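Trainee: Each protein sequence line maps, in turn, to chains A and B. Per the numbering used here, numbering through the first sequence is continuous, rising by one, with the last residue being 287. Per the numbering used here, numbering through the second sequence is continuous, rising by one, with the last residue being 268. Ideal Cβ placement from N, Cα and C applies to all residues, glycine included. Keep in mind that this is a model prediction, so the values were computed, not measured. The structure's right below; bear with me while I get my questions together.
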Amino acid sequence: MDTGSRGAAVLEPSPPGETAAVAFDHVSLAFDDKVVLRDVSFTLQPGHTKIILGASGSGKSTILKLILGLLRPDGGEVWVGGSRVDTMSEVELMRVRNRLGMVFQEGALFDSLTVAENVGYKLYEESDLPLDEVARRVEEVLAYVGLSDYLDRMPSELSGGQRRRVAIARAMCFKPPTLLYDEATTGLDPITATTVDQEVVKLRDLESVSSIVVTHQLRDAFFVATHEAVRRGSRIEIVAADAQKSEEAEFIMLKDGLVGFEGNAADLRASTDPYIRTFLS
Amino acid sequence: MTRVLTWFEEWIKAAVLEVQEYMRLQGATLRGMVSRPFYFHDVVEQFDLIGIGSLTVVLLTGFFTGAVLALQTGATLDQFGARPFVGRLVSASMIRELGPALTGLMLAGRIGSGIAAELGSMVVTDQINALRALGTDPVRKLVVPRVLAGIVMTPVLTVVADAVGIVGGWLISVYQLRVASSLYWSSVMDVLYIGDVWMGIIKPFILGYAIVTIGCHVGLRTTGGTQGVGRATTNAVVAASVAVIAVDFFVTRLLLTLLY
Numbered sequence: 007m008d009t010g011s012r013g014a015a016v017l018e019p020s021p022p023g024e025t026a027a028v029a030f031d032h033v034s035l036a037f038d039d040k041v042v043l044r045d046v047s048f049t050l051q052p053g054h055t056k057i058i059l060g061a062s063g064s065g066k067s068t069i070l071k072l073i074l075g076l077l078r079p080d081g082g083e084v085w086v087g088g089s090r091v092d093t094m095s096e097v098e099l100m101r102v103r104n105r106l107g108m109v110f111q112e113g114a115l116f117d118s119l120t121v122a123e124n125v126g127y128k129l130y131e132e133s134d135l136p137l138d139e140v141a142r143r144v145e146e147v148l149a150y151v152g153l154s155d156y157l158d159r160m161p162s163e164l165s166g167g168q169r170r171r172v173a174i175a176r177a178m179c180f181k182p183p184t185l186l187y188d189e190a191t192t193g194l195d196p197i198t199a200t201t202v203d204q205e206v207v208k209l210r211d212l213e214s215v216s217s218i219v220v221t222h223q224l225r226d227a228f229f230v231a232t233h234e235a236v237r238r239g240s241r242i243e244i245v246a247a248d249a250q251k252s253e254e255a256e257f258i259m260l261k262d263g264l265v266g267f268e269g270n271a272a273d274l275r276a277s278t279d280p281y282i283r284t285f286l287s
Numbered sequence: 009m010t011r012v013l014t015w016f017e018e019w020i021k022a023a024v025l026e027v028q029e030y031m032r033l034q035g036a037t038l039r040g041m042v043s044r045p046f047y048f049h050d051v052v053e054q055f056d057l058i059g060i061g062s063l064t065v066v067l068l069t070g071f072f073t074g075a076v077l078a079l080q081t082g083a084t085l086d087q088f089g090a091r092p093f094v095g096r097l098v099s100a101s102m103i104r105e106l107g108p109a110l111t112g113l114m115l116a117g118r119i120g121s122g123i124a125a126e127l128g129s130m131v132v133t134d135q136i137n138a139l140r141a142l143g144t145d146p147v148r149k150l151v152v153p154r155v156l157a158g159i160v161m162t163p164v165l166t167v168v169a170d171a172v173g174i175v176g177g178w179l180i181s182v183y184q185l186r187v188a189s190s191l192y193w194s195s196v197m198d199v200l201y202i203g204d205v206w207m208g209i210i211k212p213f214i215l216g217y218a219i220v221t222i223g224c225h226v227g228l229r230t231t232g233g234t235q236g237v238g239r240a241t242t243n244a245v246v247a248a249s250v251a252v253i254a255v256d257f258f259v260t261r262l263l264l265t266l267l268y
């Protein structure tokens with residue numbers, strides 16, 4: 007009997023999100039009468055990419071806000087780095103947010119702070135790191151996104167693409183293991199959008215950052231899913247992803263609050279679902 | 009009839025929600041004042057913006073209020089042969105009522121609108137969410153420094169307004185009403201009781217708190233893009249101005265019972 011009960015304890019399944027970077031387990035959310043998410047479940051493994059597609063208002067950005075704990079679901083469980091966040095208090099959430107970097111739509115840079123202050127905000131304000139170390143880290147990440155000469159500029163002096171890259175630098179500055187991108191390329195010209203996509207790919211492949219990319223720009227979604235970054239000496243090159251890397255990037259298509267599709271880029275292209283065909287065309 | 013009832017029910021719900029959120033903000037603010045983290049440089053910045061930044065408008069308002077008070081009351085006092093007592097009237101009116109109320113109204117216009125517009129823009133451009141995502145509590149970072157600056161600087165600005173108002177009254181009394189300077193100043197001091205001074209300090213303390221918390225509450229509840237920011241700014245000024253007058257009445261009523 008004793009042995010049996012111990013055996014049962016060992017075999018008891020662990021919660022779905024305990025080993026994942028992010029996991030949604032049957033999450034639902036409605037604002038008044040409008041249902042935004044219905045029974046949404048997915049798992050993002052560490053180092054992988056999840057690309058969330060869907061029409062405007064389909065609940066894509068809401069998923070990111072649920073992950074950050076900025077919203078709470080009506081039902082289901084949200085897990086981040088092994089911690090269940092949907093039941094946490096705001097104080098507890100602050101610790102979980104140390105594991106998450108977020109690139110907001112339009113950047114959401116702080117107007118009254120310089121680029122350097124924006125990028126180093128979390129380290130300046132919420133850590134005990136010496137100021138010279140913070141300054142060094144800020145210079146390092148700005149060099150990474152190609153904006154070393156913009157340290158003392160104000161956000162209003164930057165172009166749209168530069169603002170997004172500063173937002174990426176701010177999100178990665180404190181080295182979170184997971185980055186969330188909310189329409190990071192929307193409204194940018196194709197060339198600038200590609201530079202932002204390359205930053206996403208570089209962070210994922212060279213810094214081992216897990217990523218959730220919310221977008222309705224198919225071109226950018228497929229770029230992130232089908233490319234990888236490799237270091238050749240001191241140079242970083244963006245090349246076509248090999249088969250294993252392509253498998254690590256999964257698409258989720260949201261439709262009317264439901265997950266209408268989940269799979270890799272090849273599966274998405276091969277789908278015969280009329281909604282997906284319309285979306286892709 | 010049913011539509012009217014539904015509308016009324018919605019209105020009541022919205023009003024109760026506003027009150028609930030306002031009370032929650034005050035609770036979070038008070039907690040933020042007595043526990044870490046504490047953003048000291050933001051507090052200093054707000055003391056400068058709210059205190060030093062409002063000095064010009066308060067100086068001008070106080071000066072001209074004192075001057076016009078002397079002008080108006082001088083003529084009335086003449087009818088009773090009491091012109092030499094103009095200083096009493098100016099100092100009592102300024103310190104007990106006009107100083108706190110007018111400073112409050114000026115600050116409601118200047119600070120209430122500024123705070124609502126600033127926080128409202130931060131809400132609609134996702135900067136508040138960005139703060140939370142970066143691990144910062146917006147109440148501690150944005151509201152607590154403003155409230156501290158409001159409750160400390162409003163009494164200071166009121167004392168400044170009282171002083172320049174009395175000086176404005178002195179200029180009119182001496183150069184227009186031809187009252188002796190020494191008579192004016194002795195008349196100013198004669199009428200002042202310690203209760204008046206307390207009233208002149210306690211009222212602006214409460215008014216400053218009301219103005220800033222209303223500005224922060226309205227700003228943080230902004231919705232609807234840039235149009236919403238405009239609406240929030242107007243609402244903050246209107247609500248804070250009405251609050252200044254209403255709070256002034258109730259606090260005066262209370263202090264008259266307690267101090268006199």
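#1: Please say whether Ile244(A) and Glu205(A) have beta carbons closer to each other than 8 Å?
#2: What distance in whole Å lies between the Cβ atoms of Leu35(A) and Asp92(A), which are believed to be in contact at a cut-off of 8 Å?
#3: Measure from the alpha carbon of Arg101(A) to the alpha carbon of each residue in Ser99(B), Trp193(B), Phe16(B) and Arg140(B), then state which is nearest.
#4: Anyone know if the C-beta pair for Ala227(A) and Ser252(A) falls short of 8 Å?
#5: List the residues of chain A whose Cβ lies closer than 7 Å to the Cβ of Gly143(B), in chain order.
#6: Could you give the uninterrupted runs of the alpha helix (DSSP H) lying entirely in the stretch 179-209 of chain B, keeping only those of 4 residues or more?
#7: What residue ranges within the stretch 49-101 of chain A form continuous beta strand (DSSP E) runs of no fewer than 3 residues, ordered along the chain?
#8: Using the three-state DSSP reduction, which class does His36(A) fall into: helix, strand or coil?
#9: Distance cutoff 8 Å, beta carbons only. Does Ile134(B) sit that close to anything in chain A?
#10: Please look up how many angstroms separate the CB atoms of Pro153(B) and Gln54(B), rounded, as I've assumed it's under 8 Å.
#11: What residue range does the beta strand (DSSP E) around Asp273(A) cover?
#12: List, in chain order, every chain B residue whose beta-carbon is nearer than 8 Å to that of Leu76(A).
#13: Taking Glu112(A) as the query, report the chain B residues whose CB atoms sit under 9 Å from its CB, ordered along the chain.
#14: Which residues in the same chain have their Cβ closer than 8 Å to the Cβ of Val151(A), if we skip the five residues on either side of it in sequence?
#15: Taking only beta-carbon atoms, is Met108(A) less than 8 Å away from chain B?
#16: Using a cut-off of 7 Å between C-beta atoms, extract the partners of Phe116(A) located in chain B.
#17: Would you say the stretch 207-225 of chain B touches the stretch 120-135 of chain B, given that touching needs at least three Cβ pairs under 8 Å?
#18: Measure the C-alpha to C-alpha separation of Ser130(A) and Ile282(A) and round it to an integer number of angstroms.
#19: I'd like the ranges of any alpha helix (DSSP H) spanning at least 4 consecutive residues and lying wholly in the stretch 81-149 of chain B.
#20: May I ask you to verify whether the stretch 166-181 of chain B touches the stretch 70-77 of chain B, counting CB pairs closer than 8 Å and requiring at least 3?
#21: When the Cα atoms are used, what is the spatial distance from Thr133(B) to Thr241(B)?
#22: Of all the beta strand (DSSP E) runs that stay within the bounds of the stretch 132-189 of chain A, which reach a length of 3 or more residues?
#23: With Phe110(A) as the anchor, note down where its alpha helix (DSSP H) starts and where it stops.
#24: Cα separation between Asp273(A) and Ser287(A)?
Mentor: On the basis of the coordinates in this document:
#1: no
#2: Not quite, the Cβ-Cβ distance comes to about 10 Å (not below 8 Å), so this is no contact.
#3: Arg140(B)
#4: no
#5: Met100, Arg103, Asn104, Lys128 and Glu132
#6: 189-198
#7: 55-60 and 81-86
#8: For clarity, residue 36(A) is Ala in the given sequence; the question names His instead. In the structure shown, Ala36(A) sits in a strand (DSSP, three-state: E or B).
#9: The amino acid at residue 134(B) is misidentified as Ile; the sequence shows Asp. Yes, contact with chain A.
#10: 4 Å
#11: Here Asp273(A) belongs to no beta strand (DSSP E); instead the alpha helix (DSSP H) covers Ala271 to Ala276.
#12: Asn137, Arg140 and Ala141
#13: Thr133 and Asp134
#14: Arg171, Val172, Ile174, Ala175 and Glu205
#15: yes
#16: Gln135
#17: yes
#18: It should be noted that the sequence gives Tyr, not Ser, for residue 130(A). Rounded to whole angstroms, Tyr130(A) to Ile282(A) spans 45 Å at the Cα level.
#19: 94-101, 107-115, 121-132 and 135-141
#20: yes
#21: 16 Å
#22: 184-188
#23: Note, Phe110(A): premise wrong, no alpha helix (DSSP H); not H, not E.
#24: 15 Å
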